[in-house]
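Protein chains in written order, with the numbering used here: chain X, 1 to 262; chain F, 1 to 262.
Have a look at the structure below before the remarks.
2 protein chains.
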Amino acid sequence: MTGERLRWDMVASANMVEVAALVGDTARATMLAALMGGQALTATELAFQARISRPTASEHLVRLLNARLISVTPSGRFRYYRITSPLVAQMLESMIAVAALEMPPRHRPRSARDEALCLARSCYDHMAGRLGVAVADALIERDYMHLSADGGVLTDAGHRFLCDFGARLETDRRSKRIFCRACLDWSERRYHVGGLVGAELQRRFLELGWIARTGATRAFKVTDAGKIELKDIFGVDLDVASTNRGLLAPRQPEESSQRAAG
Amino acid sequence: MTGERLRWDMVASANMVEVAALVGDTARATMLAALMGGQALTATELAFQARISRPTASEHLVRLLNARLISVTPSGRFRYYRITSPLVAQMLESMIAVAALEMPPRHRPRSARDEALCLARSCYDHMAGRLGVAVADALIERDYMHLSADGGVLTDAGHRFLCDFGARLETDRRSKRIFCRACLDWSERRYHVGGLVGAELQRRFLELGWIARTGATRAFKVTDAGKIELKDIFGVDLDVASTNRGLLAPRQPEESSQRAAG
DNA sequence: CAATCGGTTCGGTGCCGGCCGAACCGACGG
DNA sequence: CCGTCGGTTCGGCCGGCACCGAACCGATTG
Chain X
1 MTGERLRWDM VASANMVEVA ALVGDTARAT MLAALMGGQA LTATELAFQA RISRPTASEH
61 LVRLLNARLI SVTPSGRFRY YRITSPLVAQ MLESMIAVAA LEMPPRHRPR SARDEALCLA
121 RSCYDHMAGR LGVAVADALI ERDYMHLSAD GGVLTDAGHR FLCDFGARLE TDRRSKRIFC
181 RACLDWSERR YHVGGLVGAE LQRRFLELGW IARTGATRAF KVTDAGKIEL KDIFGVDLDV
241 ASTNRGLLAP RQPEESSQRA AG
Chain F
1 MTGERLRWDM VASANMVEVA ALVGDTARAT MLAALMGGQA LTATELAFQA RISRPTASEH
61 LVRLLNARLI SVTPSGRFRY YRITSPLVAQ MLESMIAVAA LEMPPRHRPR SARDEALCLA
121 RSCYDHMAGR LGVAVADALI ERDYMHLSAD GGVLTDAGHR FLCDFGARLE TDRRSKRIFC
181 RACLDWSERR YHVGGLVGAE LQRRFLELGW IARTGATRAF KVTDAGKIEL KDIFGVDLDV
241 ASTNRGLLAP RQPEESSQRA AG
């Protein structure tokens with residue numbers, strides 16, 4: 001009604017608003033969180049997780065599809081939904097990271113289900129929880145990798161170690177490409193490793209049978225064989241792995257109640 | 001009414017929903033976008049930018065404050081609002097990055113205002129737009145830095161160069177900390193550099209008077225002196241700087257309409 | 001002190017969108 | 001062919017929230 005010209009950046013922010021509004025609904029966010037497990041799920045499974053009727057879920061899924069946040073691949077009479085791109089997963093991660101800042105600091109998990117989720121889970125394509133953080137710590141400990149708030153680096157030794165381990169790190173791009181990303185773990189409040197390195201670690205862990213998916217949830221089960229090998233090859237003992245050494249303070253011996261101020 | 005126990009991860013996702021819902025409103029998103037300029041702004045300025053009444057703006061600001069997305073510092077009878085932490089800025093960046101994926105591909109800027117914004121602007125604490133991308137390109141060109149989808153690295157030569165340039169890159173942390181982050185530029189659809197390196201570049205550019213803020217907007221003006229020095233020291237000529245070499249394809253000579261599939 | 005101005009609080013209005021039940025569509029299986 | 005099942009579409013209900021004008025609060029200024 002103002003008759004004003006449409007500004008370009010307004011188009012961009014309008015889309016951002018749309019994306020945010022889509023995530024800003026409990027039902028849709030729950031479905032997206034379920035899809036953050038990295039698996040493709042059916043509409044009924046998603047409706048069940050979000051505790052809404054199938055019609056309602058279907059509407060939500062249509063909207064998420066239109067916004068390209070998720071994609072669908074029909075198979076028989078099923079339709080499998082998944083997160084469209086790592087960019088979307090990364091966005092959701094960062095939103096969880098911000099949301100975790102306002103969580104009550106000492107809110108520890110309660111149920112067995114929570115415990116499983118905090119122990120080991122999938123963060124779209126890489127491992128999170130105590131497992132993810134412990135593995136990252138182990139790599140850092142041996143100078144195979146460095147992580148910080150703004151990025152991560154795989155050392156040459158780390159590259160060799162992971163290649164020996166069976167990770168496929170070769171890329172079609174230039175040599176120096178670093179597919180190693182620090183990802184803030186909302187349960188541990190510390191960094192684990194994402195990017196290609198994280199994805200390859202998860203793929204290889206699954207391939208070797210060290211971890212296994214548990215139904216349609218994000219939680220991983222660490223197999224008995226996995227526990228042994230994990231200790232043997234990575235020096236990681238999850239039963240001993242310290243929990244919550246302090247937010248954003250990887251090497252701090254004693255816990256400090258510091259906030260994540262900028 | 002179901003009487004079900006509260007699950008831990010539900011608390012986390014509830015917060016995420018709240019955060020997303022806050023951003024998922026045009027008025028609030030516009031205010032946040034304005035604050036992404038990195039400057040602290042008053043309530044009235046924000047109300048004006050969002051084209052809403054002061055009361056409405058005030059309500060929104062209260063909600064953003066409660067969620068810790070923004071902070072306020074009273075000064076006289078003014079109250080200056082700013083983005084609380086880089087983590088929040090990073091989240092907004094990633095949301096814009098996702099939103100940019102669904103934008104019409106060849107939607108070029110129209111007005112002079114758009115043009116200014118696309119030429120050079122602030123992305124919270126570092127430079128974006130053609131300027132930001134060109135500077136990043138220059139650093140990459142000289143092997144001072146590498147950028148990829150998941151991170152960035154500053155080489156030793158780059159570290160020396162930037163220190164000579166006047167950037168303060170020392171940190172209190174361990175030596176290998178890499179404060180170099182790839183940030184997807186929504187107007188150029190390519191990466192510019194964020195993190196400490198990006199912030200220090202912007203700080204130094206402002207300090208040297210190469211760029212200047214233009215009112216309460218995110219746009220930077222590149223000064224005449226800046227243009228000369230920029231070409232002299234960084235080898236960057238903004239008038240020649242290629243626009244839009246292709247989404248996520250930094251070194252591709254011809255444009256290709258590829259999508260950002262995972 | 002009164003006038004001005006930045007900012008917030010209050011009360012009331014209007015609309016958008018999340019929700020479900022019922023009906024419908026298409027794939028599979030006998 | 002009909003029954004079953006996964007999934008979507010339709011119609012209507014309802015709650016929440018974005019919005020504004022008016023009033024109010026506190027700091028600054030003269």
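We treat Cβ as the ideally placed atom computed from N, Cα and C, and that holds for glycine.
Here the structure is a predicted model, which means the values were calculated and not measured.
- According to DSSP, is VAL236(X) helix, strand or coil? Numbered from its first residue, the first sequence carries residue 236(X) at position 236. In the three-state reduction of the DSSP assignment, VAL236(X) falls in the coil class, being assigned neither a helical nor a strand state.
- Same chain, Cβ closer than 7 Å to ARG204(F), five either side skipped, listed in chain order: As a position in the second sequence, residue 204(F) is number 204, starting the count at 1. Taking C-beta separations shorter than 7 Å and ignoring five residues to either side along the sequence, the partners of ARG204(F) in its chain run PHE165, GLY166 and ALA167, following chain order.
- So, ALA89(F) versus GLU102(X), is the Cβ gap smaller than 8 Å? Your numbering for residue 89(F) matches position 89 in the second sequence. Your numbering for residue 102(X) matches position 102 in the first sequence. It is not a contact, given that the beta carbons lie outside the stated cut-off.
- List the DSSP bridge partners of MET36(X). Along the first sequence, read from residue 1 onward, the residue named residue 36(X) stands at position 36. In the DSSP assignment, MET36(X) is bridged to no other residue.
- Looking at the C-beta of LEU119(X), does it have a partner C-beta in chain F at a distance below 8 Å? The count along the first sequence starts at 1 and reaches residue 119(X) at position 119. No, LEU119(X) lies away from the interface with chain F (no Cβ there is under 8 Å from its Cβ).
- Cβ contact (3+ pairs, closer than 8 Å) linking the stretch 217-225 of chain F and the stretch 113-131 of chain F: By the Cβ rule, the stretch 217-225 of chain F counts as touching the stretch 113-131 of chain F, because three or more pairs are nearer than 8 Å.
- Which residues share a DSSP beta bridge with ALA219(X)? On the first sequence, residue 219(X) is found 219 positions in, with the first residue counted as 1. Bridge partners of ALA219(X): ARG121(X).
- Residue span of the alpha helix (DSSP H) that contains PHE161(X), given as start and end: By one-based count along the first sequence, residue 161(X) stands at place 161. 156-165 is the span of the alpha helix (DSSP H), which, as asked, contains PHE161(X).
- LEU87(F) touches chain X at which residues, Cβ-Cβ below 9 Å? Here residue 87(F) corresponds to residue number 87 of the second sequence, with the count starting at 1. SER94, ALA97, VAL98, LEU101, ALA149, LEU184, ALA260 and GLY262, listed in chain order.
- Item | Coil, strand or helix - ARG51(X) by DSSP | Locating residue 51(X) in the first sequence gives position 51, counting from the first residue. For ARG51(X), the three-state secondary structure derived from DSSP is coil.
- Where ALA273(F) falls: helix, strand or coil (DSSP): Past the boundaries of the shown model lies residue 273(F); chain F is included only from 1 to 262, so the question cannot be answered.
- Query: Going by alpha carbons, who is nearest to ALA112(F) out of LYS221(F), LEU230(F), ASP232(F) and ILE233(F)?
  - Reply: Working through the second sequence from its first residue, we reach residue 112(F) at position 112. The candidate whose alpha carbon is nearest that of ALA112(F) is LYS221(F).
- Item | C-alpha gap between ALA134(X) and LEU238(X), whole angstroms | In the first sequence, the residue the question calls residue 134(X) occupies position 134. In the first sequence, the residue the question calls residue 238(X) occupies position 238. A direct Cα-to-Cα measurement between ALA134(X) and LEU238(X) gives close to 7 Å.
- May I ask you to report which of helix, strand or coil DSSP gives SER75(F)? Stepping through the second sequence from its first residue, residue 75(F) is reached at position 75. SER75(F): strand per DSSP, three-state reduction.
- Message: By DSSP's criteria, ILE228(X) is part of a beta bridge. Which residues make up the other side?
- Response: Position 228 of the first sequence holds residue 228(X). According to DSSP, which records beta bridges pairwise, ILE228(X) is partnered with nothing at all.
- Query: Which residues in the same chain as LEU117(F) place their Cβ atom closer than 6 Å to its Cβ, once the five residues preceding and following it in sequence are excluded?
  - Reply: Against the second sequence, residue 117(F) aligns to sequence position 117. ALA219.
- Item | Contact set between GLN237(F) and chain X, taken where Cβ atoms lie within less than 9 Å | Position 237 of the second sequence, counted from the start, is the residue given in the question as residue 237(F). With the sequence shown as reference, residue 237(F) is identified as Asp, and Gln is not the correct amino acid for it. ASP237(F) does not reach chain X, its nearest Cβ partner there being about 24 Å away, counting only Cβ pairs nearer than 9 Å.
- Query: Opposite ARG82(X) in the DSSP bridges: which residues?
  - Reply: Numbered from 1 along the first sequence, position 82 holds the residue referred to as residue 82(X). Paired residue(s): SER71(X).
- Rounded straight-line distance, which links the Cα of GLY194(F) to that of LEU247(X): In the first sequence, the residue the question calls residue 247(X) occupies position 247. In the second sequence, the residue the question calls residue 194(F) occupies position 194. Per-residue confidence for LEU247(X) stands at a pLDDT of 43, beneath the threshold of 50, marking its modelled position as unreliable; the derived number appears in the next sentence. LEU247(X) and GLY194(F) have their alpha carbons spaced roughly 22 Å apart.
- Under three-state DSSP, which class holds SER111(X)? Stepping through the first sequence from its first residue, residue 111(X) is reached at position 111. Coil, per DSSP.
- Task: Can you tell me which of ILE140(F), ALA27(F), LEU196(F) and ASP125(F) puts its alpha carbon nearest to the alpha carbon of GLY235(F)?
- Result: As a working note, residue 235(F) is residue 235 in the second sequence. Ranked by how close their Cα comes to the Cα of GLY235(F), the residues ILE140(F), ALA27(F), LEU196(F) and ASP125(F) have ILE140(F) in first place.
- Message: If distances are taken between C-alpha atoms only, which option among GLU170(X), ASP114(X) and VAL197(X) comes closest to ALA182(X)?
- Response: Here residue 182(X) is taken as the residue at index 182 of the first sequence, counted from 1. With distances taken between CA atoms, ALA182(X) lies nearest to VAL197(X) out of GLU170(X), ASP114(X) and VAL197(X).
- Message: In whole angstroms, give me the CA-to-CA distance for GLU207(F) and HIS126(F).
- Response: Walking along the second sequence from the start, residue 207(F) turns up at place 207. Walking along the second sequence from the start, residue 126(F) turns up at place 126. So the two alpha carbons sit approximately 13 Å from each other.
- Item | MET265(F): contacting residues in chain X (beta-carbon distance under 8 Å) | Here chain F comprises residues numbered 1 to 262, so residue 265(F) is not present and cannot be evaluated.
- Rounded C-alpha distance that separates ARG54(F) from THR44(F): Residue 54(F) sits at position 54 when you count from the first residue of the second sequence. Residue 44(F) sits at position 44 when you count from the first residue of the second sequence. Approximately 6 Å, taken between the alpha carbons.
- Item | GLY209(F), enclosing alpha helix (DSSP H) - first and last residue | Translated into the one-based positions of the second sequence, residue 209(F) becomes position 209. DSSP places GLY209(F) outside any alpha helix (DSSP H), giving it a letter other than H or E.
- Task: Please compile the residues from chain X whose C-beta is within a distance smaller than 8 Å of the C-beta of CYS263(F).
- Result: There is no way to answer for residue 263(F), as the model of chain F reaches only from 1 to 262.
- Message: Quick check: the Cα distance between LEU230(X) and THR30(F), rounded to an integer number of angstroms?
- Response: Start at 1 with the first residue of the first sequence, and residue 230(X) comes out as number 230. Start at 1 with the first residue of the second sequence, and residue 30(F) comes out as number 30. About 48 Å.
- Comparing alpha-carbon positions, which option in ALA27(X), GLY129(X) and LEU35(X) lies nearest TRP186(X)? Reading the first sequence from its first residue, position 186 is the one you call residue 186(X). Taking only the C-alpha atoms, the option nearest TRP186(X) is GLY129(X).
- Item | Proximity below 8 Å, CB of MET16(X) to CB of MET95(F) | Position 16 of the first sequence, counted from the start, is the residue given in the question as residue 16(X). Position 95 of the second sequence, counted from the start, is the residue given in the question as residue 95(F). At the C-beta level, MET16(X) and MET95(F) come within 8 Å of one another.
- Message: Which same chain residues end up closer than 8 Å to THR84(F) when comparing Cβ atoms and leaving out the 5 residues on each side of it in sequence?
- Response: Locating residue 84(F) in the second sequence gives position 84, where the first residue counts as 1. The residues are ARG68, LEU69, ILE70 and SER71.
- Just confirm the distance between the C-beta atoms of CYS180(F) and GLY152(X), as a whole number of angstroms; I'd bet it's less than 8 Å. The count along the second sequence starts at 1 and reaches residue 180(F) at position 180. The count along the first sequence starts at 1 and reaches residue 152(X) at position 152. Going by Cβ atoms, the distance from CYS180(F) to GLY152(X) rounds to 11 Å, so no, they are not a contact pair.
- Query: Which chain F residues sit within Cβ distance under 9 Å of VAL23(X)?
  - Reply: To locate residue 23(X), count along the first sequence from 1; it is residue 23. Correct list: MET16, VAL17, VAL19, ALA20, ALA21, VAL23, GLY24 and MET95.
- Would you call the CB atoms of LEU97(X) and THR73(X) closer than 8 Å? Position 97 of the first sequence, counted from the start, is the residue given in the question as residue 97(X). Position 73 of the first sequence, counted from the start, is the residue given in the question as residue 73(X). Looking at the sequence provided, one finds Ala at residue 97(X) rather than Leu. Their beta carbons are not under 8 Å apart, which means ALA97(X) does not touch THR73(X) by this criterion.
- Task: Pick out whichever of ALA34(X), ALA12(X), HIS192(X) and VAL11(X) has its Cα sitting closest to the Cα of ARG213(X).
- Result: Taking the first residue of the first sequence as position 1, residue 213(X) is located at position 213. Nearest option by C-alpha distance: ALA34(X).
- Select from the stretch 60-75 of chain F all residues with a C-beta closer than 7 Å to any C-beta belonging to chain X, and list them in chain order. Correct list: ALA67 and ARG68.
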